[in-house]
Every structure is written in C-alpha cells, then in structure tokens.
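The next block holds one structure in the form of structure tokens; read it before the comments.
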DNA sequence: AAAAAAG
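In this note's numbering, the protein residues as written are 72 to 555.
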C-alpha cells in the first residue's frame with residue numbers, strides 16, 4: 072500500500088503530515104501529488120471528501136519552498152467558491168507548511184480588508200481566496216497576479232453553479248500563461264470542459280471514483296408531512312422535525328433548509344424547544360459563521376441548521392444524522408447533503424421531511440439515487456398547529472417592513488420568538504385540526520370585513536397588511552392616468 | 001425557485 076513517504080515529498084512536509092496523524096494517502100492524493108510535483112497541470116475530477124485539499128496543498132508547498140515572496144506579488148493562488156472552504160484550505164496550509172517559511176493570506180469577503188492588505192504589503196507566497204474579494208483587491212491595486220506560478224481552482228463545478236466562471240476566467244487571464252494549474256471539479260459540465268481547454272496545458276486527468284451516489288452506509292428515511300398552506304406546512308415540518316429528533320440519540324447532526332429564512336426559523340424553533348442548535352447561512356456575519364462551525368466541529372454545538380452553504384466541501388467529520396427540512400432544488404445537492412453523514416465507512420442516517428410542495432424535486436432525487444427512502448413510521452402530534460389560527464403576534468419569519476413602527480411588535484417577538492409555543496385555544500371555524508390540513512384556509516383577500524375578530528389589533532396583525540403601506544393606499548396610487 | 005459571493 073502506498074504511503075505518503077512514497078510520493079516524493081520532502082522530509083519537512085512528511086513530518087508535518089505525520090503530525091496530523093495521516094500516513095496513507097487517499098486515491099486522489101496518491102495520483103495527483105507526484106504529477107503536481109513535476110509541475111504539470113492537473114485536472115482532478117473528484118467529489119468532496121476525497122482529500123482534494125491535501126492533494127494540491129502538499130505539492131504546492133514543495134514547489135514554493137525554494138523561492139521567496141515579494142510584496143503584493145503572490146506566487147500561488149487557491150480559489151474556492153465559499154468563504155468556509157477557503158478558510159479550510161488555509162487551515163490545511165497551517166498544518167502542512169508548519170516546517171516551511173511560507174506566508175499565506177486568506178482573502179475572503181465579509182471581513183476587514185485592512186488586515187488582508189497589510190499582509191499583502193508584507194509579501195505572501197500563497198493567496199487563498201474567494202473570487203470576489205480577490206478581484207476587489209486587484210482592482211484596488213493591492214495585489215498583482217503576474218507573479219503567480221501556481222493557480223488552484225477548487226470545486227469548479229460549484230463555482231459554475233454560483234456564477235463565478237467569468238471571474239475565474241478573468242483571474243486566469245491576469246496570471247502568466249506559464250503558470251501551473253491544478254483544477255478540481257466534481258463533474259465535467261460543458262462549461263467546465265471549455266474552461267479547462269482554454270486555460271490548462273495538456274493536463275493530466277485524474278479521476279477518482281465517484282463515491283456511489285448514495286452511500287450504502289447511509290440509511291435514508293422519509294416522513295410525509297400533511298400539507299396545508301405554506302405557513303402551516305413549515306410549522307408542521309418543524310413539529311415533525313422535533314418529534315423525529317426526540318426519538319433519536321444524536322451526537323451531532325445537520326438540518327438543511329432551502330431558504331435562509333427557514334434556517335433562521337428552524338434554528339430558533341429548535342433552540343426554543345431546548346435543542347442545542349444554531350444557524351449558518353450566507354447572510355450571517357462571517358465571524359459568527361466561523362464561530363458556529365468551529366463549535367460544531369468541537370462538539371459544543373449538536374445541531375447545525377444550514378443552508379446549502381454547508382452542503383458541500385465543508386470539513387465536518389463524522390456527522391451522525393442529516394435532516395432535510397425540504398428537498399433541495401438540485402437533486403445532486405441532496406446527495407451532497409446526506410453525504411455529510413456515513414463517511415469513512417461509518418454509518419449514518421438521513422431524514423427527509425416531505426410536503427406536497429417538495430414532490431417535484433423529490434422525484435428528481437429518486438431518479439438520481441434510485442433508492443427509495445424508508446417511510447418513517449412515527450406518531451407526530453400536530454395539535455399545536457391548531458393553536459395558531461387566531462394569530463396575535465406577527466409571523467416570526469417575516470422581514471421588517473415599513474409598517475413596523477409599532478414597538479410592541481419587537482418586544483413581543485423577543486419574548487415569544489415562536490408563536491407555536493403559545494397554547495391558545497382554537498378559536499374559530501378556520502381552525503386547522505390534526506389530519507385535516509387540507510381544509511382550505513380562508514382566502515387572503517384584503518377585505519377588512521372578512522377578517523376575524525382581532526381587527527381592532529390592526530397595527531400588530533401584519534399577516535394581511537399590504538406590503539409597505541399597511542391598509543392605507545395613498546390616493547395618488549389610485550388615481551387613473553390618461554397617457555394619451 | 002434558492003443559495004452563494006464584493007459592498
């Protein structure tokens with residue numbers, strides 16, 4: 072069996088590797104490292120979790136070991152699609168370059184530019200960056216790319232999904248054509264192929280077997296949530312989620328939601344109900360994102376509620392459970408999401424909450440995975456759903472609108488973050504009761520007379536307010552205009 | 001249809 076010591080790496084790097092506890096390279100490492108050490112271009116086709124980061128970090132360190140950096144002239148750049156991934160690469164550098172005098176800078180958005188610029192001025196060997204911030208700094212003349220000898224593109228297919236390809240192309244063009252390119256992608260979409268043909272020189276193509284679309288170590292379950300209107304479906308899902316989690320012995324788990332707002336609500340709801348949960352998504356402050364991820368890795372946080380920012384690439388070892396609050400828009404994202412569990416031969420469980428709105432995406436998932444998750448047979452008490460029709464407080468998931476002058480709203484929200492924890496008696500004929508969720512809700516027409524009896528609380532019943540204006544429509548908007 | 005990334 073091949074060991075790291077067989078790959079042509081220097082004693083310094085081998086020592087650093089040994090200290091991390093690894094001695095056997097993964098398939099992609101075994102194949103890519105010797106090629107990259109010779110200076111050839113590499114086209115690596117590999118999923119996340121295959122050890123790609125070390126596959127490009129180690130040879131990069133070796134090849135940079137000889138030279139020295141100059142101010143604002145990095146000798147290598149690594150591009151990653153998300154800030155978390157870039158951060159992870161940076162951590163890998165910290166480990167593996169321990170016995171080398173190499174400097175690197177992490178250039179990502181959402182954090183102060185000043186520190187990054189200061190580092191660039193001192194001179195760094197390696198830039199680890201998300202494309203936006205790198206180009207931003209380039210446009211401010213804080214960094215030059217004409218000294219780049221090695222360029223790494225990580226998770227190119229994800230960059231494509233995120234619309235980064237023009238940025239990547241631009242960065243390619245800013246670096247000298249003589250550079251070595253190490254390019255990694257999980258799939259070879261036509262656009263990806265085009266880029267590699269344009270910017271890689273006779274690359275050595277290394278493909279490691281795709282981990283079976285859905286790993287056999289992962290037990291998949293599906294729970295069908297009775298569907299009503301959107302609000303109640305979401306709430307029913309939260310109730311079901313808690314019920315499922317309560318039946319399990321969870322060391323750590325990730326709850327995935329499609330929407331950032333749902334991430335927030337679900338995390339809050341879980342916390343309110345006594346679960347150790349925290350949200351992570353792209354709208355949250357970057358330092359908070361890192362802190363949250365860190366405490367999840369350390370085991371201080373049990374449940375990470377995440378958008379697809381965490382679906383791929385993030386190095387979170389051995390997650391016991393994955394919960395899909397909804398079915399992702401792309402079927403392969405489902406595979407990535409549940410692939411956070413059952414890694415390295417361990418067993419894992421993936422739970423999916425399915426509502427009628429998810430059916431279409433679910434079909435796509437089944438087509439891809441060719442594996443029907445087992446229907447989960449648990450009794451969920453949905454009676455809390457019925458307590459909500461005479462809503463007295465604003466929807467917690469709603470963004471603030473212009474009509475939000477009333478201070479009482481804010482305080483009410485603070486003390487009662489989840490209206491569902493209140494237990495008010497069901498009040499009127501609109502009440503939705505257990506197993507009758509398909510009962511049509513009253514139409515949402517903005518007709519004051521139709522509204523239930525809490526009309527007097529007009530300023531706090533935001534549910535039916537017209538966006539931005541409340542009930543009052545300024546006269547000028549109603550005036551008809553003759554354009555002739 | 002949504003998330004991610006430059007503010």
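Backbone N, C-alpha and C define an ideal beta-carbon position, used for all residues, glycine too.
Cut-off 6 Å between Cβ atoms - residues of its own chain near residue i, not counting five sequence neighbours on either side
i, result
"residue 468", "Confidence in residue 468 is poor, its pLDDT being 43 and thus under 50, which makes the residue's placement unreliable; the coordinate value appears in the next sentence. Excluding sequence neighbours, residue 468 sits near 332, 336."
"residue 378", "331, 334, 352"
"residue 366", "372"
"residue 420", "290, 392"
"residue 382", "404, 407, 408"
"residue 547", "Because residue 547 sits at a pLDDT of 47, beneath the cut-off of 50, its placement in the model cannot be relied upon, and the point is left open."
Where residue i falls, given that 16 or more other Cβ within 10 Å makes a residue buried
i, result
"residue 432", "buried"
"residue 289", "buried"
"residue 237", "exposed"
"residue 256", "buried"
"residue 493", "Any answer about residue 493 is weak, because its pLDDT of 35 lies below 50 and its placement is not dependable; what the coordinates show is given next. Per the 10 Å Cβ criterion, exposed."
"residue 308", "buried"
"residue 19", "Coverage of the chain is limited to positions 72 through 555, which leaves residue 19 absent and any answer about it impossible."
"residue 91", "exposed"
Backbone secondary structure at residue i - three-state DSSP
i, result
"residue 178", "strand"
"residue 273", "coil"
"residue 341", "helix"
"residue 222", "strand"
"residue 419", "strand"
"residue 150", "strand"
"residue 114", "strand"
"residue 317", "helix"
"residue 298", "coil"
"residue 214", "coil"
"residue 255", "strand"
"residue 323", "coil"
"residue 157", "helix"
"residue 96", "coil"
"residue 198", "strand"
"residue 106", "helix"
"residue 412", "strand"
"residue 430", "helix"
"residue 444", "coil"
"residue 144", "strand"
"residue 89", "helix"
"residue 367", "helix"
"residue 74", "coil"
"residue 435", "helix"
"residue 303", "helix"
"residue 348", "strand"
"residue 290", "strand"
"residue 334", "helix"
Contacting residues, own chain, Cβ-Cβ under 7 Å from residue i (five flanking each side not counted)
i, result
"residue 368", "387"
"residue 124", "159, 160, 163"
"residue 436", "398, 402, 405"
"residue 471", "Unreliable positioning characterises residue 471 in this predicted model, as indicated by a pLDDT of 45, which lies under 50. The coordinate reading is nonetheless provided below. Around residue 471: no qualifying Cβ."
"residue 544", "Confidence at residue 544 is low in this model, with a pLDDT of 42, below 50, so the placement of that residue should be treated as unreliable; the coordinate-derived value is given next. Around residue 544: no qualifying Cβ."
Given residue i as reference, the closest of the options once Cα atoms are compared
i, options, result
"residue 187", "163, 168, 214, 172", "214"
"residue 427", "305, 144, 441", "305"
"residue 296", "80, 253, 452, 405", "452"
"residue 100", "131, 355, 307", "131"
"residue 253", "107, 320, 422, 197", "107"
"residue 212", "278, 196, 143", "143"
"residue 140", "128, 194, 110", "194"
"residue 210", "241, 382, 325, 190", "241"
"residue 74", "151, 91, 97", "97"
"residue 117", "278, 444, 191", "278"
"residue 103", "338, 423, 275, 355", "275"
"residue 370", "340, 134, 324", "324"
"residue 328", "89, 300, 441, 429", "429"
"residue 374", "313, 250, 354, 231", "313"
"residue 350", "339, 344, 170, 189", "339"
"residue 385", "126, 111, 90, 152", "152"
"residue 424", "438, 394, 440, 443", "394"
"residue 171", "178, 149, 136, 270", "136"
"residue 231", "150, 207, 204", "150"
"residue 181", "155, 192, 266", "155"
"residue 326", "449, 228, 178, 396", "396"
Cβ-heavy atom distance, residue i to the ligand FMN, below 7 Å
i, result
"residue 253", "In the structure on display, the ligand FMN does not appear, and there are no ligands present to speak of."
Cutoff 8 Å; reference residue i; Cβ partners in own chain excluding five residues on either side
i, result
"residue 446", "292, 293, 294, 295"
"residue 95", "72, 73, 74, 75"
"residue 251", "107, 110, 111, 112, 134, 220, 221, 222"
- Does the count of Cβ pairs from the region 249-268 and the region 72-87 closer than 8 Å reach three? Per the Cβ contact rule, the region 249-268 is not in contact with the region 72-87 (fewer than 3 Cβ pairs under 8 Å).
- Item | Segment contact, 8 Å Cβ cut-off, at least three pairs: the region 201-218 with the region 233-248 | As far as the Cβ criterion goes, the region 201-218 touches the region 233-248, which means the pair count is three or higher.
- Message: Would you call the region 401-420 in contact with the region 356-363, where contact means no fewer than 3 C-beta pairs closer than 8 Å?
- Response: Under the Cβ criterion (8 Å, minimum of three pairs), the region 401-420 does not count as touching the region 356-363.
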